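Number of protein chains: 2
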Amino acid sequence: MKSAASAKQPIVYVLDDEPAVRDSLSSLLRSVGLQAEVFATVAEFRQVHLAPVPSCLILDVRLQFANGLDFHRQLQEQGVELPVIFITGHGDIPMTVKAMKSGAVDFLAKPFREQDLLDAIATALQKDQQRLATNSVSDELRHCFSSLTNREQQVMRMAVSGLLNKQIADQLNLSLITVKIHRGNMMKKMQAKNFAELMRMAGQLGLSKS
Amino acid sequence: MKSAASAKQPIVYVLDDEPAVRDSLSSLLRSVGLQAEVFATVAEFRQVHLAPVPSCLILDVRLQFANGLDFHRQLQEQGVELPVIFITGHGDIPMTVKAMKSGAVDFLAKPFREQDLLDAIATALQKDQQRLATNSVSDELRHCFSSLTNREQQVMRMAVSGLLNKQIADQLNLSLITVKIHRGNMMKKMQAKNFAELMRMAGQLGLSKS
DNA sequence: AAAACCACTATACCTGGGTATAAAAGCCAT
DNA sequence: ATGGCTTTTATACCCAGGTATAGTGGTTTT
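Rendered as structure tokens:
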């Protein structure tokens, strides 16, 4: 069953204040083999622990006590990068533009064709899987990087910026051999087989821009 | 006047089949100090030579003999990355979504507030300036790269992928010294002061992914 | 107090990258 | 066909990176 670990069941979250909508979406999703979790309020949704599987959120724009667009922004500000598909019964063009500008995957006005929603979900789940894959790679990298001592991190930054060991030694007031050793330990801990690989890691870690 | 070279007058292109719209937009744009160029048909617009200055296109969705959305796609397929702002008198939500998904900067339904259009234009021009800046950098890089001989390009690809000179020599059936010389010439022509810089160039050239 | 870790240094040695000089062979264009 | 460019190789030399071994001194944890 280990092989299924990377291909876990995706989850589709539904946040809508109308019970009828929740029920119909829920059964639609289940009918195509998708795991659905429905919520009536923002507070309810906030309590859920997002599983580390490809997922997306189907969000009603007009909730009882909140605005779906604002809620989407809040999620983003909290670093929740869940792909969002908006649905609404009372949409207009400015609202649509605002939703799409803020990065929604799709925006569907009721009544919509079931297939359009399913297509949007497929796109959203694919996008999320991509995000999870990218994240897990850079998580691993960040873990390696944070396992470095301060000095080693310093040396890595300076090395990838193109400085010679000698220049690093001068700037840090160290002897050449000390830099060499920090650098060697750093390469081991980063599991970089060569300098080119280290440069790519530094790129992914955002060490080249800062 | 040389100093003004990088801060040239932006141009706003307007493509709309209604003369009244063209005129009113044109005068609005001029009133805020923007250079406007108006077109009535797709054919007319195609003949214009896009100046290398920050610019954007205000595009009516429903043209007399064409569809604005389709035209936008066509431009993109031809590599024209001009930011587009759609305006329309007969818009609906699916159309809006389609436009935004295909990368439009904004989508405005008539009647719209003048300020909304001006805001959209400011965003679009900023985006285009960014694009021009990025492009000019990689243009220079591509020029350097294309000035390399085939061998030198080969060696560069292999070097940035992390191979040792020895490994490159084996794979290309060359002697070590030959590789060293190609590599040295390549570094000179690329104007890379060190290997880290070369790696960054390779990244910008898209040599790491392929 | 001992163990563990970090930072630093030194000597010595090895490998890899880079240059200068020199030279041979092929291609191409004026 | 002669000069220019590319490609190839060689010898010799230098410098930068990297490792092993060994030792000092500091902090923190147990």
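Same order as they appear, the protein sequences are chains D and P. Take the first sequence: its position 148, counting from 1, is numbered 147 in numbering that gives the first Met the number 0, and each next residue is one higher. Take the second sequence: its position 12, counting from 1, is numbered 11 in numbering that gives the first Met the number 0, and each next residue is one higher. Every residue, glycine too, gets a C-beta built ideally from N, C-alpha and C. From a predicted model like this one, the values you see are computed outputs, not experimental measurements.
Where D/HIS181 falls, given that 16 or more other Cβ within 10 Å makes a residue buried:
Within the first sequence, residue 181 of chain D is the residue found at index 182, counting from 1. Per the 10 Å Cβ criterion, buried.
Could you work out which residues of chain P lie near D/ARG199, taking near to mean beta carbons separated by less than 7 angstroms?
Indexing the first sequence from 1 puts residue 199 of chain D at position 200. Here the neighbours are SER207.
Could you have a look at D/GLU113 and say whether DSSP puts it in helix, strand or coil?
Along the first sequence, read from residue 1 onward, the residue named residue 113 of chain D stands at position 114. DSSP places D/GLU113 in helix when its eight states are reduced to three.
Which chain D residues sit within Cβ distance under 7 angstroms of P/ALA108?
Along the second sequence, one-based indexing puts residue 108 of chain P at 109. Those are ILE92, listed as they occur along chain D.
Of all Cβ atoms in chain P, is any one closer than 9 angstroms to the Cβ of D/MET99?
The residue labelled residue 99 of chain D in the question sits at position 100 within the first sequence. Yes, because at least one Cβ of chain P sits closer than 9 angstroms to the Cβ of D/MET99.
So is P/CYS183 in contact with chain D if we call contact Cβ pairs under 9 angstroms?
To locate residue 183 of chain P, count along the second sequence from 1; it is residue 184. It should be pointed out that residue 183 of chain P corresponds to Gly in this sequence rather than to Cys. So no, P/GLY183 is outside the interface.
For a contact defined as C-beta to C-beta under 7 angstroms, what are the partners of D/ALA195 on chain P?
For the purposes of this step, residue 195 of chain D is taken as residue 196 along the first sequence, with counting starting at 1. Under the 7 angstroms cutoff, chain P gives VAL159, SER160, GLY161, MET198.
Between P/ASN193 and P/CYS143, what straight-line distance do the alpha-carbon atoms span, to the nearest angstrom?
Reading the second sequence from its first residue, position 194 is the one you call residue 193 of chain P. Reading the second sequence from its first residue, position 144 is the one you call residue 143 of chain P. Roughly 16 angstroms between the two C-alpha positions.
Between P/GLY202 and chain D, is there a C-beta pair that is closer than 9 angstroms?
Indexing the second sequence from 1 puts residue 202 of chain P at position 203. Closer than 9 angstroms to some Cβ of chain D, the Cβ of P/GLY202 qualifies, so yes.
Quick one: what's D/GLN34 bridged to in DSSP?
Here residue 34 of chain D corresponds to residue number 35 of the first sequence, with the count starting at 1. According to DSSP, D/GLN34 bridges with D/ILE10.
Which residue from D/VAL60, D/PRO93, D/GLU113, D/PHE64 puts its Cα closest to that of D/THR87?
Start at 1 with the first residue of the first sequence, and residue 87 of chain D comes out as number 88. Closest by alpha carbon: D/VAL60.
Taking only the alpha-carbon atoms, compute the straight-line gap between P/GLN203 and D/GLN203 and give it to the nearest angstrom.
Here residue 203 of chain P is taken as the residue at index 204 of the second sequence, counted from 1. Here residue 203 of chain D is taken as the residue at index 204 of the first sequence, counted from 1. In a straight line, the C-alpha of P/GLN203 is about 14 angstroms away from that of D/GLN203.
At least one CB of chain D closer than 9 angstroms to the CB of P/VAL96: is that the case?
Here the question's residue 96 of chain P lines up with position 97 in the second sequence. P/VAL96 counts as touching chain D.
Three Cβ pairs or more, each shorter than 8 angstroms: is that satisfied between the region 103 to 115 of chain D and the region 71 to 88 of chain D?
yes
Mapping the DSSP letters down to three states, classify D/ASN172 as helix, strand or coil.
The residue given as residue 172 of chain D occupies position 173 in the first sequence. Correct three-state label for D/ASN172: coil.
Given a threshold of 16 other Cβ atoms within 10 Å of its Cβ, counted over all protein chains shown, does D/ALA50 qualify as buried or as exposed?
Your numbering for residue 50 of chain D matches position 51 in the first sequence. Exposed, since its Cβ has fewer than 16 Cβ neighbours within 10 Å.
Can you find a C-beta in chain P that's less than 9 angstroms from the C-beta of D/ASP127?
Residue mapping note: residue 127 of chain D aligns to position 128 of the first sequence, counting from 1. So no, D/ASP127 is outside the interface.
Member of D/HIS48, D/VAL178, D/ALA195, D/ILE57 whose CA lies at the smallest distance from the CA of D/GLU151:
Along the first sequence, one-based indexing puts residue 151 of chain D at 152. Comparing Cα-Cα distances from D/GLU151 to each of D/HIS48, D/VAL178, D/ALA195, D/ILE57, the minimum goes to D/VAL178.
Can you give me the C-alpha to C-alpha distance between P/VAL41 and P/ALA65, rounded to a whole angstrom?
For the purposes of this step, residue 41 of chain P is taken as residue 42 along the second sequence, with counting starting at 1. For the purposes of this step, residue 65 of chain P is taken as residue 66 along the second sequence, with counting starting at 1. Distance between the alpha carbons of P/VAL41 and P/ALA65 is about 8 angstroms.
Name the DSSP beta bridge partners of P/ASN149, please?
As a first step, residue 149 of chain P is located in the second sequence; it is residue number 150 there, counting from the start. According to DSSP, P/ASN149 bridges with nothing at all.
For a contact defined as C-beta to C-beta under 9 angstroms, what are the partners of D/LYS192 on chain P?
Position 193 of the first sequence holds residue 192 of chain D. Per Cβ cutoff of 9 angstroms: GLY161.
Just the chain P side, please: which residues come within less than 7 angstroms of D/ASP105 by C-beta, in chain order?
One-based indexing of the first sequence puts residue 105 of chain D at position 106. The contacting residues are VAL96.
Own chain, CB closer than 7 angstroms to P/LEU147, minus 5 neighbours either side, in chain order:
As a working note, residue 147 of chain P is residue 148 in the second sequence. If we look at P/LEU147 and ignore the five residues flanking it on each side, its Cβ neighbours are MET155, MET185, LYS188.
Out of curiosity, what's the CA-to-CA distance linking D/ASP127 and D/LEU81?
As a first step, residue 127 of chain D is located in the first sequence; it is residue number 128 there, counting from the start. As a first step, residue 81 of chain D is located in the first sequence; it is residue number 82 there, counting from the start. Cα to Cα, D/ASP127 sits roughly 7 angstroms from D/LEU81.
What residues are listed by DSSP as bridge partners for D/LEU87?
The count along the first sequence starts at 1 and reaches residue 87 of chain D at position 88. For clarity, residue 87 of chain D is Thr in the given sequence; the question names Leu instead. Answer is D/ALA108.
If you measure between the beta carbons of D/MET99 and P/THR122, is that distance less than 9 angstroms?
Translated into the one-based positions of the first sequence, residue 99 of chain D becomes position 100. Translated into the one-based positions of the second sequence, residue 122 of chain P becomes position 123. No, these two residues do not count as a Cβ contact at 9 angstroms.
Flag this pair as yes or no: are the beta carbons of P/VAL47 and P/LEU124 separated by less than 9 angstroms?
The residue labelled residue 47 of chain P in the question sits at position 48 within the second sequence. The residue labelled residue 124 of chain P in the question sits at position 125 within the second sequence. Cβ atoms of P/VAL47 and P/LEU124: not closer than 9 angstroms.
Start-to-end residues for the beta strand (DSSP E) that takes in D/LEU58:
Taking the first sequence and counting its residues from 1, one reaches residue 58 of chain D at position 59. That run of the beta strand (DSSP E) goes 54 to 59.
C-beta atoms of D/MET200 and D/LEU140 nearer than 9 angstroms:
To locate residue 200 of chain D, count along the first sequence from 1; it is residue 201. To locate residue 140 of chain D, count along the first sequence from 1; it is residue 141. Yes. Within cutoff.
Taking just the CA atoms, how far does D/PRO9 sit from D/ALA132?
In the first sequence, residue 132 of chain D corresponds to position 133, counting from 1. In the first sequence, residue 9 of chain D corresponds to position 10, counting from 1. About 14 angstroms.
Please look up how many angstroms separate the CB atoms of D/VAL37 and D/SER25, rounded, as I've assumed it's under 8 angstroms.
Taking the first sequence and counting its residues from 1, the one referred to as residue 37 of chain D is at position 38. Taking the first sequence and counting its residues from 1, the one referred to as residue 25 of chain D is at position 26. With 8 angstroms as the limit, D/VAL37 and D/SER25 qualify as a contact, their Cβ atoms being about 5 angstroms apart.
Going by C-alpha to C-alpha distance, which of P/SER30, P/PHE111, P/MET157, P/LEU171 sits closest to P/SER207?
Residue 207 of chain P sits at position 208 when you count from the first residue of the second sequence. P/SER207 has its Cα closest to that of P/MET157, out of P/SER30, P/PHE111, P/MET157, P/LEU171.
Considering only DSSP beta bridges, list what P/ASN66 is partnered with.
Locating residue 66 of chain P in the second sequence gives position 67, where the first residue counts as 1. According to DSSP, which records beta bridges pairwise, P/ASN66 is partnered with P/ARG61.
So, using beta-carbon positions, are D/PRO18 and D/ALA39 closer together than 9 angstroms?
Within the first sequence, residue 18 of chain D is the residue found at index 19, counting from 1. Within the first sequence, residue 39 of chain D is the residue found at index 40, counting from 1. The answer is yes: Cβ separation under 9 angstroms.
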